[in-house]
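Here is the structure we will look at.
Protein chains: 2
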Amino acid sequence: MPAIPRYFQAKTRLLDLVNELPDNTPFPPERELSDVFGMSRTTIRKAMDELVLEGRLVRGAGRQGTAVAPRKQVHRISLDALVQDLADREQVVVRAIGAQDVVNVESVLVRGDEPVGVRSTCLHASRFPGFAERYDGTTPLRRFLSDAYGVRFGEPCPWCTTALATPRVAGLLDVRPATPVLSVAWLGHDLRGAPVERSWVVLRGDRAHLTMQGLRLSAPARP
Amino acid sequence: MPAIPRYFQAKTRLLDLVNELPDNTPFPPERELSDVFGMSRTTIRKAMDELVLEGRLVRGAGRQGTAVAPRKQVHRISLDALVQDLADREQVVVRAIGAQDVVNVESVLVRGDEPVGVRSTCLHASRFPGFAERYDGTTPLRRFLSDAYGVRFGEPCPWCTTALATPRVAGLLDVRPATPVLSVAWLGHDLRGAPVERSWVVLRGDRAHLTMQGLRLSAPARP
Chain A
1 MPAIPRYFQA KTRLLDLVNE LPDNTPFPPE RELSDVFGMS RTTIRKAMDE LVLEGRLVRG
61 AGRQGTAVAP RKQVHRISLD ALVQDLADRE QVVVRAIGAQ DVVNVESVLV RGDEPVGVRS
121 TCLHASRFPG FAERYDGTTP LRRFLSDAYG VRFGEPCPWC TTALATPRVA GLLDVRPATP
181 VLSVAWLGHD LRGAPVERSW VVLRGDRAHL TMQGLRLSAP ARP
Chain B
1 MPAIPRYFQA KTRLLDLVNE LPDNTPFPPE RELSDVFGMS RTTIRKAMDE LVLEGRLVRG
61 AGRQGTAVAP RKQVHRISLD ALVQDLADRE QVVVRAIGAQ DVVNVESVLV RGDEPVGVRS
121 TCLHASRFPG FAERYDGTTP LRRFLSDAYG VRFGEPCPWC TTALATPRVA GLLDVRPATP
181 VLSVAWLGHD LRGAPVERSW VVLRGDRAHL TMQGLRLSAP ARP
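Protein chains in written order, with full-length UniProt numbering: chain A, 1 to 223; chain B, 1 to 223.
Take a look at the structure:
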C-alpha cells in the first residue's frame with residue numbers, strides 16, 4: 001500500500017475543521033492554514049480543491065474567499081423521476097444532427113432553488129410530426145408522447161457512469177468546469193422494441209444522489 | 001453563457017488527435033503540444049489531466065510519458081452482478097467499528113485483468129456467529145448468507161453518486177488518488193424489513209458503466 005499523500009492528510013484535517021464549523025462560516029485562508037498545519041500552500045490548495053468539488057466548501061462567484069457549504073443540500077433523486085417526471089425548466093430545441101432532423105428537449109432539474117441536473121432527450125422528428133409546435137413543456141415528456149402520439153413505453157435499462165462537467169453543462173449547473181458529475185443515459189423503446197427516444201442526464205455529484213427503487217434482481221444462478 | 005475556457009479548447013483539439021491515433025501510441029510531450037497549439041504548458045497539462053482521468057490517455061507507473069489508452073476498456077457491469085455475484089478477489093476482514101463487532105468482507109472486481117471496482121460489505125457479527133471462520137470467499141456472499149444462515153433477502157434500493165478516489169481505494173484500483181469514481185451503496189434487508197448488511201461499491205469511472213436492468217418504473221402520477 002503506498003504512503004498516504006500529504007494533500008490527503010491535509011484534507012482529513014481540513015474536513016475535521018469543516019465538520020466543526022456552522023454553515024456558511026468563512027474558512028481560513030490558504031496562507032493561514034499553511035502556517036498552522038506546517039504544510040505548503042500547494043498542498044493546502046489541493047486539499048481545499050477536493051473539498052470544493054465534493055461540496056463541503058464553497059468558493060467563487062461574488063464571494064470573498066471560501067466558506068463552509070450549507071449541510072443538507074444533497075437531494076435524493078429517483079431514477080423514476082429522471083425518466084418520467086416533468087423537469088422544472090423545459091426547453092424545446094429543434095436541431096439537425098447529421099443528416100437527420102432530431103428534436104431535442106433540454107430540461108434543467110432544480111431542487112431547493114439550485115440546479116442539480118440537466119436532462120437532454122432526442123427524438124426523431126419524422127416519427128413525431130409537429131412535436132416542436134405541440135409540446136409546450138407543461139406535461140411530462142413521456143406522458144405527452146403517450147397521449148399525443150400513442151407511444152407505449154417498455155421498461156428502460158439505464159446505465160450510468162461518472163464524467164467531468166463540460167463548460168456548457170457546468171454553466172447550466174452553476175459549477176466549475178471539470179466538476180465530477182454523475183451521467184445517466186437510457187434508450188426509450190416502445191413495447192415492440194423499436195427505439196423512440198434517447199436520453200441523457202447529468203447530475204451534480206455534490207448535490208444529488210440517484211436512488212434506484214423498483215429494482216428486481218434476477219434469480220442468482222446456481223451451479 | 002461564459003466563454004469556453006482555454007483548457008477546454010485544448011482538450012477538444014487533443015481529443016481529435018487521440019481519436020486519430022492507434023492504441024498505445026506515445027503521445028507528444030507537453031512542450032511540443034504547447035508549441036504546436038500556441039497554448040501555455042499549464043493549459044495543455046490541464047487538458048491532458050482530464051483526458052487521463054477520463055481514461056483516454058494513460059500515464060504513469062513504469063511508463064515513459066503519456067500514451068493513447070487502448071479502446072474498448074469500458075466494461076458494462078450490472079447492478080445485479082454488484083449485489084449478488086462472486087467477486088474476483090474476496091477478502092474477509094473482521095474489525096470492530098465503534099462498540100459493535102462488525103464483520104467486513106472486501107472484494108476487488110476485476111474485468112479483463114484490470115481492477116475496476118471495490119466492494120465492501122458490513123455485517124453484524126452477532127447475527128452471523130462464526131461467519132469469519134465459515135466464509136471462504138468461494139460462494140457469492142448473499143447465497144452463502146441464505147444457505148448458511150437462512151436469510152431471505154428483499155429487493156434492495158441502491159443509490160449512487162460520484163466521489164473522488166481516496167488514496168486507499170486508488171491503491172486497490174490502480175488509479176491516481178482523486179480520480180472520479182462511481183459510488184454505489186445499498187442496505188440489504190430480509191423479507192421482514194430487518195437490515196442484514198450494508199454494502200458499498202466504488203467503480204472506476206473510466207473503466208466501468210453501471211447498467212440497471214430489471215427496473216420497473218412506477219406508474220406515472222396523473223393529475
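Every residue, glycine too, gets a C-beta built ideally from N, C-alpha and C. Here the structure is a predicted model, which means the values were calculated and not measured.
In the same chain as residue 190 of chain A, and ignoring 5 residues on each side of it, the C-beta atoms closer than 7 Å to its own belong to 151, 152, 153, 154 and 196, in chain order. Remark: C-beta atoms of residue 58 of chain B and residue 142 of chain B do not approach each other more closely than 9 Å. Per the DSSP secondary-structure output, residue 45 of chain A pairs with nothing in a beta bridge. Setting aside the 5 residues that flank it on each side, residue 172 of chain B is surrounded in the same chain by 108, 115 and 118, each with a C-beta closer than 7 Å to its C-beta; the list follows chain order. Leaving aside the five residues that flank residue 199 of chain B on each side, the residues in its chain whose CB is nearer than 6 Å to its CB run, in chain order, 121 and 186. Counting C-beta pairs closer than 8 Å gives fewer than three between the region 166-184 of chain B and the region 25-40 of chain A, which falls short of the contact rule. Pairing residue 161 of chain A with residue 205 of chain B gives a Cβ-Cβ distance under 9 Å. If the five residues before and after residue 159 of chain A are omitted, its C-beta is found closer than 8 Å to the C-beta atoms of 184, 185 and 186, all from its own chain and listed in chain order. For residue 140 of chain A, same chain residues with a beta-carbon under 7 Å away, outside a window of 5 residues either side, are 84, 85 and 86 in chain order. For residue 133 of chain A, the enclosing alpha helix (DSSP H) covers residues 131-134.
The residue from A:208, A:217, A:167 and A:216 with its alpha-carbon nearest to that of residue 78 of chain A is A:208.
The beta-carbon distance between residue 128 of chain B and residue 103 of chain B, rounded to whole angstroms, is 7 Å. This is short enough to meet the 8 Å contact definition. When DSSP states are grouped into helix, strand and coil, residue 190 of chain B belongs to the strand group. The secondary-structure analysis by DSSP pairs residue 198 of chain A across a beta bridge with A:122 and A:187.
Here residue 130 of chain B is exposed, its C-beta having fewer than 16 other C-beta atoms within 10 Å. Not a single CB atom of chain B sits nearer than 9 Å to the CB of residue 189 of chain A. The alpha-carbon separation between residue 134 of chain A and residue 163 of chain B amounts to approximately 41 Å. A straight-line Cα-Cα distance of about 47 Å links residue 193 of chain B and residue 33 of chain A. With fewer than 16 other beta carbons inside 10 angstroms of its own, residue 138 of chain A counts as exposed. Contact annotation: residue 166 of chain A and residue 8 of chain B have beta-carbon atoms nearer than 9 Å. C-alpha of residue 18 of chain A to C-alpha of residue 47 of chain A: approximately 12 Å in a straight line. Excluding five sequence positions before and after residue 29 of chain B, the CB atoms of its chain that fall closer than 7 Å to its own CB belong to 65, given in chain order. Shown here for residue 69 of chain B: same chain residues with a beta carbon closer than 7 Å to its own, the five before and five after excluded, namely 55, 56, 57 and 58 in chain order. Residues of chain A with a Cβ closer than 8 Å to the Cβ of residue 54 of chain B are, in chain order, 163 and 164. Residue 53 of chain B has its alpha-carbon roughly 26 Å from the corresponding atom of residue 157 of chain A.
For residue 12 of chain A, the three-state secondary structure derived from DSSP is helix.
For residue 163 of chain B, the enclosing beta strand (DSSP E) starts and ends at 159-164. The three-state secondary structure of residue 167 of chain B, taken from DSSP, is helix. Put simply, the backbone Cα of residue 125 of chain B is about 6 Å away from that of residue 101 of chain B. Taking the beta carbon of residue 50 of chain A as reference, the chain B residues within 8 Å of it are 164 and 178, listed in sequence order. Against residue 209 of chain A, the close residues of chain B are 159, 160 and 161, in the order they occur along the chain (beta-carbon pairs closer than 8 Å).
Secondary structure at residue 153 of chain B: strand, using DSSP grouped into helix, strand and coil.
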